[in-house]
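>
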């Protein structure tokens, strides 16, 4: 903690109005004056090397009984270029209609992040190029994440937007004119076989070459964050399943871990090892889906079955363990629902064997296939600097040659103790993004084998009746047990007052939960730092000057999961 | 022209139409089964034994589905486009000898509708007209994806017509005829005399071009479902869509016949064994179309153009020049 404080000392020295509020775990939370925000962020980026902007979000203090600040506060999360350190900035917004200065000119990723804050909270970012709605539809009135917006007030959309307000400036910037240059506007999505969910990308085509693109998302927006504010912590876990539904367990684990870290509790070792095994298995499943679908988009149909059949075996294993195939909801705050079943090891080994042979056979089909290589090499490359500016994390960032993996840079759950390799690419093109995932699956399987070999016995849940449900026999037979169960179900797990940002290396990148608690059993605010949202923001930019066929492959290789992106 | 000849020709036409329409249906069944076995699954299994009646179910479905003509399409052209694809595919069959001539109840049957002396030219020409199916269908559909597909179709077909034509020129020079029966008789001496041995380059070029002409993977671009949502077929439904399908599969069969007759000796000396050999060769080529689909991804349109104009065409021209020089001396 001391080092972290030393690190931010230059910031505190340089700007007198900045103030270290408190530590969120080991993340310093610094308050900054509204007017100085831009200068401070500029200093952070250029002088202190906080090069990765993780997230921007706001808190509405309307329901806080004794607010210390204005109604709205903005929170900026930055990651240092050495990746292990995070810095959080907090600024009070005096008037949401005047808002604060936009930082899009410093961080490209801020574009969509600021749009989301404006959409959800109605805080204006001055000088933002296109401050319009992003998750909610274009006819939406009001700002749903404000505390005075009722959760039941859904609004229907009757009209689509033509998106030309975004396309026109893009064309002008490139000196293009629709008529003169004989461009054709084409909607790739929202219902396109290769859009992997409902995502709309409007492209201006010259022949089959994409000259400019703009994306519209939010088709799968279901108000995850608003729902979180109305449910207890354990009730949120089934919702996290629906974020990245290709690796549902991983979201369960990331959320449970964040809340546990916030409460300062650690699972017994057996619980941790089970979580590691399931996390890595989810990573394998996620990558299998991404690669299988990507190869299918290319017409390499057989590989789809070679990769999807073992995925099915993995789901059979998860179904036997958790009772559900896709949305497992297996985790709880402070542990999980039940222990591994008898004979799990044999089943797991069988799954690993099948995944391994599926990968080997697929690689045999494509690795030296000229068509495969020519189709995706040097397509939509993203340089290391560009990837960080876009806010990429996870395999997409590693494909660009940036060695950032939370499992290495800030190990949790004994990851420093397992023997596995960090996978990086070199070009950051579609080929690298796919091949990095192939190799990561092999590394994940190494971790699974080690964890399964070394898994200790003992408890899986922490021993604290304020957090973990009592056994059913106690509920049915003793008054204390029943009271305990009632309180936990009715009021939820009480999380101490405060705020926390927990980061987790998910299959798609850094999955973060920023949680504000008012001390009750229901979170005051939950914000998901969804990697797909950030990746999607870069998508229309990186497909420029490539063909429609390339864009399909690029979308597949970025592995955009609509559930996570739209929340 | 006597009445018997007219009746015989009509019977032949009807037989070819029926057989190959049915084969096109069975082609989809074969394709699904072959792909399934290569991909470790079962394919159609529920309708009839081993899913054999699946084609009947598909046929009933296609015929009874509502024929939707979307708003904004150019009606007459939209309606006629699938007919062009299917019709031209079957028209090409007129000059193909499907079997050696045989005697039935003392009457000699020539299993070819018209043995015209420009057979190959006729087949290539009619197959080239087949381009109008996707082109007109795509342009009339009032759908941008269909339009892209039409543009792709025009580019691919026109480019690969050049390669098919040039690659066949060298064998034609050797045989000195354009009739497929003459081609067959030229190679009647046995395996050693097959044109594939003297013209291996032409054979491979024609084979590659056949994939482009029929739009099969790795050149499955015109009706690519992943990129352009089935292309020209997007707005079609029911039997109109089915006609595109029949045309595609009939084309695969006919081009397999052409390859087998021109390069692999056809039915040889015309015995029963020769007839079965021809069918075997055709079956192999058809199977190879499916095999490739299971093994390879698709190329990109510009890569396909690159392959045609910068690789295949120069080789084809060189092949003609070399054949000519060898024949001179």
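Protein chains in written order, with this note's numbering: chain A, 1 to 567; chain B, 1001 to 1329.
Ideal Cβ positions, reconstructed from N, Cα and C, are used throughout, including at glycine.
(1) What residues in the stretch 1130-1150 of chain B have a beta carbon less than 9 Å from any beta carbon of chain A?
(2) What's the C-alpha gap between residue 284/A and residue 60/A?
(3) Let me see if you follow: with CB-CB separation under 8 Å, is residue 371/A close to chain B or not?
(4) In angstroms with no decimal places, state the Cα-to-Cα distance between residue 1171/B and residue 1254/B.
(5) Give me the subset of the stretch 1034-1063 of chain B whose CB atoms are less than 8 Å from a CB atom of chain A, sorted by chain position.
(6) Please look up how many angstroms separate the CB atoms of residue 515/A and residue 258/A, rounded, as I've assumed it's under 8 Å.
(7) Thinking C-beta only, is residue 1247/B closer than 8 Å to residue 1089/B?
(8) Are residue 170/A and residue 214/A closer than 8 Å when you measure CB to CB?
(9) Report the neighbours of residue 1218/B on chain A: residues whose CB is nearer than 9 Å to its CB, in chain order.
(10) So if I threshold CB-CB distances at 9 Å, which residues from the stretch 301-315 of chain A count as touching chain B?
(11) Which one of 65/A, 66/A, 27/A, 94/A has the shortest CA to CA distance from residue 35/A?
(12) Of the residues 1268/B, 1322/B, 1275/B, which one's Cα is nearest the Cα of residue 1193/B?
(13) For the alpha helix (DSSP H) that residue 166/A lies in, which residues bound it at each end?
(14) Below 8 Å between beta carbons is the criterion; list the residues of the stretch 284-295 of chain A that meet it against any residue of chain B, in chain order.
(15) From residue 368/A to residue 379/A, what does the alpha carbon distance come to, in whole angstroms?
(16) Please state whether DSSP places residue 30/A in a helix, a strand or coil.
(17) I want to see whether chain A comes within less than 8 Å of residue 1297/B, judged by CB atoms only; does it?
(18) To the nearest angstrom, how far is it from the Cα of residue 277/A to the Cα of residue 525/A?
(19) Using 10 angstroms around the beta-carbon of residue 1005/B, count the other beta-carbons present and answer buried if the total reaches 16, otherwise exposed.
(20) In whole angstroms, what separates the C-alpha of residue 1232/B from that of residue 1054/B?
(21) With distances taken Cα to Cα, identify the nearest neighbour of residue 1132/B among 1014/B, 1039/B, 1151/B, 1028/B.
(22) How would you write the range of the beta strand (DSSP E) that residue 523/A sits in, first residue to last?
(23) From 1050/B, 1138/B, 1122/B, pick the residue whose C-alpha is nearest to that of residue 1070/B; which is it?
(24) Can you tell me whether residue 1329/B is helix, strand or coil according to DSSP?
(25) Excluding five sequence neighbours on each side, which residues of the same chain lie with their C-beta closer than 6 Å to the C-beta of residue 142/A?
(26) Take residue 400/A and list the residues in its own chain whose beta-carbon comes closer than 6 Å to its own, dropping the five residues that flank it on each side.
(27) For residue 208/A, which residues in chain B fall below 7 Å Cβ to Cβ?
(28) Out of 32/A, 25/A, 280/A, 80/A, point me to the one whose CA is closest to residue 7/A's CA.
(29) Please list the terminal residues of the continuous alpha helix (DSSP H) segment that includes residue 46/A.
(30) Buried or exposed, going by whether 16 or more other CB atoms sit within 10 Å of the CB of residue 529/A?
(31) Going by CA-CA distance only, name the one from 140/A, 144/A, 105/A, 153/A that's closest to residue 130/A.
(32) Leaving out five residues before and five after residue 421/A in sequence, what residues of the same chain have Cβ atoms less than 7 Å from its Cβ?
(33) Residue 302/A and residue 1038/B look like a contact to me (Cβ under 8 Å); what is the Cβ gap, rounded to whole Å?
(34) Between which two residues does the alpha helix (DSSP H) harbouring residue 244/A extend?
(35) Here's a check: name, in chain order, each residue in its chain whose Cβ is nearer than 8 Å to the Cβ of residue 1124/B, leaving out the five neighbours to either side.
(36) Can you name the residues that DSSP bridges to residue 501/A?
On the basis of the coordinates in this document:
(1) 1144, 1145, 1147, 1148
(2) Locating residue 284/A in the first chain gives position 284, counting from the first residue. Locating residue 60/A in the first chain gives position 60, counting from the first residue. Between residue 284/A and residue 60/A, the C-alpha separation is close to 38 Å.
(3) The sequence position of residue 371/A within the first chain is 371, counting from 1. Under the 8 Å criterion on CB atoms, residue 371/A is classed as interfacial with respect to chain B.
(4) Along the second chain, read from residue 1 onward, the residue named residue 1171/B stands at position 171. Along the second chain, read from residue 1 onward, the residue named residue 1254/B stands at position 254. Rounded to the nearest angstrom, the two C-alpha atoms are 19 Å apart.
(5) Interface annotation for the stretch 1034-1063 of chain B against chain A: 1035, 1038, 1039, 1040, 1041, criterion Cβ-Cβ distance under 8 Å.
(6) Along the first chain, one-based indexing puts residue 515/A at 515. Along the first chain, one-based indexing puts residue 258/A at 258. The Cβ separation is near 6 Å, so the contact holds.
(7) Here the question's residue 1089/B lines up with position 89 in the second chain. Here the question's residue 1247/B lines up with position 247 in the second chain. Cβ distance < 8 Å, so residue 1089/B and residue 1247/B count as in contact.
(8) Taking the first residue of the first chain as 1, we reach residue 170/A at position 170. Taking the first residue of the first chain as 1, we reach residue 214/A at position 214. The answer is yes: Cβ separation under 8 Å.
(9) Taking the second chain and counting its residues from 1, the one referred to as residue 1218/B is at position 218. What residue 1218/B touches in chain A: 299, 371.
(10) 301, 302, 303, 304, 305, 306, 309
(11) Counting from one through the first chain, the residue named residue 35/A turns up at place 35. Of 65/A, 66/A, 27/A, 94/A, the residue nearest in Cα terms is 94/A.
(12) Along the second chain, one-based indexing puts residue 1193/B at 193. The shortest C-alpha separation from residue 1193/B is found at 1268/B.
(13) Numbered from 1 along the first chain, position 166 holds the residue referred to as residue 166/A. Taken as a continuous stretch (DSSP letters only), the alpha helix (DSSP H) holding residue 166/A covers 164-173.
(14) 295
(15) Here residue 368/A is taken as the residue at index 368 of the first chain, counted from 1. Here residue 379/A is taken as the residue at index 379 of the first chain, counted from 1. For residue 368/A and residue 379/A, the distance between alpha carbons rounds to 17 Å.
(16) Residue numbering aside, residue 30/A sits at position 30 when the first chain is read from its first letter. Reduced to three states, the DSSP call for residue 30/A is strand.
(17) Position 297 of the second chain, counting from 1, holds the residue named residue 1297/B. Yes, its Cβ sits closer than 8 Å to a Cβ of chain A.
(18) Translated into the one-based positions of the first chain, residue 277/A becomes position 277. Translated into the one-based positions of the first chain, residue 525/A becomes position 525. Roughly 30 Å between the two C-alpha positions.
(19) In the second chain, counting from the first residue as 1, residue 1005/B sits at position 5. Counting Cβ neighbours within 10 Å, residue 1005/B comes out exposed, since fewer than 16 surround it.
(20) Residue 1232/B sits at position 232 when you count from the first residue of the second chain. Residue 1054/B sits at position 54 when you count from the first residue of the second chain. Cα to Cα, residue 1232/B sits roughly 25 Å from residue 1054/B.
(21) In the second chain, residue 1132/B corresponds to position 132, counting from 1. Ranking the options by Cα distance to residue 1132/B, first place goes to 1151/B.
(22) Counting from one through the first chain, the residue named residue 523/A turns up at place 523. Per DSSP, residue 523/A belongs to the beta strand (DSSP E) from 523-529.
(23) Taking the second chain and counting its residues from 1, one reaches residue 1070/B at position 70. With distances taken between Cα atoms, residue 1070/B lies closest to 1138/B.
(24) Sequence index remark: in the second chain, residue 1329/B carries index 329 (1-based). If DSSP states are grouped into helix, strand and coil, residue 1329/B belongs with coil.
(25) Within the first chain, residue 142/A is the residue found at index 142, counting from 1. Counting only Cβ-Cβ distances below 6 Å, and skipping sequence neighbours, we find 149.
(26) Counting from 1 along the first chain, the entry for residue 400/A is found at position 400. So the qualifying residues of the chain are 382, 384, 387, 428.
(27) Position 208 of the first chain holds residue 208/A. Within 7 Å Cβ-Cβ: 1148, 1301.
(28) Start at 1 with the first residue of the first chain, and residue 7/A comes out as number 7. Residue nearest to residue 7/A within the set 32/A, 25/A, 280/A, 80/A is 80/A (criterion: CA-CA distance).
(29) Taking the first residue of the first chain as 1, we reach residue 46/A at position 46. Here the alpha helix (DSSP H) through residue 46/A covers 37-46.
(30) Locating residue 529/A in the first chain gives position 529, where the first residue counts as 1. By the neighbour-count rule (16 or more Cβ atoms within 10 Å), residue 529/A is buried.
(31) Position 130 of the first chain, counted from the start, is the residue given in the question as residue 130/A. Answer by Cα proximity: 105/A.
(32) Against the first chain, residue 421/A aligns to sequence position 421. Excluding residues within five positions, the ones whose Cβ falls inside 7 Å are 443.
(33) Translated into positions along the first chain, residue 302/A becomes position 302. Translated into positions along the second chain, residue 1038/B becomes position 38. Contact holds; Cβ gap of about 6 Å.
(34) In the first chain, the residue the question calls residue 244/A occupies position 244. Unbroken run through residue 244/A: none, as it is neither H nor E.
(35) Here residue 1124/B refers to the residue found at position 124 when the second chain is read from its first residue. Counting only Cβ-Cβ distances below 8 Å, and skipping sequence neighbours, we find 1161, 1164, 1165, 1168.
(36) Indexing the first chain from 1 puts residue 501/A at position 501. Answer is 514/A, bridged to residue 501/A.
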